[in-house]
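Take 2 as the starting number for the sequence shown in the working numbering and just add one per residue.
Here a beta-carbon is modelled for each residue, glycine too, at the ideal position from N, C-alpha and C.
The structure presented is a predicted model; accordingly, all values stated were derived computationally and were not measured.
Here's the structure, in structure tokens; my notes come after.
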Amino acid sequence: MIAPDPTALGARAEAMIAELAGISAEPGRLVRLFLTPEHRRAADLVAGWMRAAGLTVSEDALGTVRGRFGEAKRRLLIGSHIDTVVDAGKYDGPLGVIAAILAAEPIARAKVKLPFGIDVLAFGDEEGSRFPATMTSSSACAGVFEHEALATADPGGVTLTEALRAYGKDLNGISAAAYRAEDAAGYIEVHIEQGPVLESKGEPLGIVTGIVGQVRLRVTVTGEAGHAGTVPMNLRHDAYAGAAEMALALEKIAREHPEDGMVGTVGRIEAVPGAVNIIPGRVLFTVDLRALTDALRLEATERFAAEAARIAKARGLTVSIETFHEISTAHCAPALQDALAASVTELGHTPIRLPSGAGHDAQVMARLCPSAMLFVRCRGGISHNPAEFASVADMGLAVAALTKFIERFKP
């Protein structure tokens, strides 16, 4: 049995997170997007840490860095992602990769005989900040990669195919990146909570019960542009006013299901032609709708589409809605939840059970094998923000809990 030292582990995790956060495309803020030079530097740094921990390192066709220990066919997969949003915090993603390395290190160094192997995974594309597709790296590992994503392009017009080739990848190797279901014994991900529940309950660690399903829509509202001073209000076909009413309809629908954790967000909106003295003739906006129950989410999506059509007709507008991302709810495996909870309890803390309102690589990996997540308290519940923060003490407890979980894991 390994006796982890949470204090030392937390200090090491913080130092590694700080070093990784120094790799950014922009001075003064953290920006590390998929398949960029910064991604390459981060992947190389993580690969070096894996080798130093005694793991055998490889990299697959979608850029996932893999650290391997043991030769058993059945593998326990542990990981998270190293890409970031724009102007990111430094803990979202990297904490899970670093926790996995630190938990695997004493086992690998001591060459502990386990009835399963361990693969530490550093995915490259969870955030979807560069390309419209998201979680492409973990999708390849899970064997559910959608090849249509290869044709998607970043804001500069570079396709995923072109970016992968520039990164040195062979697209013919994508299928080989997939694990066989019979070889994947389970997937575990450590991640900051990105919410305030653990902090409100005074506990450092939480056990995720499920990850919400989500749909993302691209909505185009078309009206008629006109002079802002000469077209009377009752004769206007204002695309922006219609879009605003549709956004309020989305909010109303989402508010009806708080027990299911349903949330609806209009996150991006653009008015065309976009001049101060012209009535918008066309508006494009996005919808992000999430819920823990897929049936309710699908029903809410249909209701929003119906409301948008009704609003458009009443205002003399047209509306089109396109789905550009959708992922089902993932329920975490009860046996893995219980094993994580036992590890947290052994460390003297109460394991809080809670859902995740954010998407994670675990959501995709659950399509391959039983999956679970360990949440770490973050200050104020803030994430996707430079103010994102997890304490050294809490991170150390997370690594210690993960180490104890590995010891009790039965494939």
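query                                                                                                                      : result
T137, DSSP secondary structure in three states                                                                             : helix
Own chain, CB closer than 7 Å to C370, minus 5 neighbours either side, in chain order                                      : A182, A185, A186, G187, Y188
Coil, strand or helix - A399 by DSSP                                                                                       : helix
Chain-order list of residues whose beta-carbon lies under 8 Å from that of A229 (same chain, five-residue window excluded) : V277, N278, I279, I280
Check whether V213 and S384 have beta carbons under 8 Å apart                                                              : no
Contact under 8 Å by Cβ, L63 with G158                                                                                     : no
Three-state secondary structure assigned by DSSP to M374                                                                   : strand
Whole alpha helix (DSSP H) elements within the stretch 11 to 56, 4-residue minimum                                         : 38 to 53
Alpha-carbon to alpha-carbon, L318 and A167                                                                                : 43 Å
Validate contact between the stretch 40 to 56 and the stretch 333 to 350 using beta carbons, cut 8 Å, 3 pairs              : no
S392 beta carbon less than 8 Å from that of C333                                                                           : no
Proximity to A111 [Cα-Cα], best of L56, L10, D362, V198                                                                    : L56
Length of the line joining the Cα atoms of V209 and D84                                                                    : 22 Å
Simplified DSSP state of D261, which is helix, strand or coil                                                              : helix
Cβ neighbour criterion (16 or more within 10 Å) applied to P205                                                            : buried
Sufficient close CB pairs (3 or more, under 8 Å) joining the stretch 221 to 238 to the stretch 252 to 272                  : no
Burial state of H148 (16 or more Cβ within 10 Å)                                                                           : exposed
Length at least 4, wholly inside the stretch 290 to 322: the alpha helix (DSSP H) runs in chain order                      : 295 to 316
Cβ-Cβ distance between R75 and P335 below 8 Å                                                                              : no
Per DSSP, cross-strand counterpart(s) of D120                                                                              : R69, L78
As assigned by DSSP and simplified to three states, the class of Y241                                                      : helix
Euclidean distance between Cα positions of S25 and C379                                                                    : 22 Å
Meets three-Cβ-pair contact criterion under 8 Å: the stretch 88 to 108 and the stretch 190 to 205                          : yes
Distance between A359 and A48 (C-alpha atoms, nearest Å)                                                                   : 27 Å
Cβ-Cβ distance between E308 and L285 below 8 Å                                                                             : no
Member of R33, G203, D45 whose CA lies at the smallest distance from the CA of D395                                        : G203
Nearest to A310 (by Cα), restricted to the options F376, V288, G243                                                        : G243
Reduced DSSP category for I175 - H, G, I as helix; E, B as strand; rest coil                                               : coil
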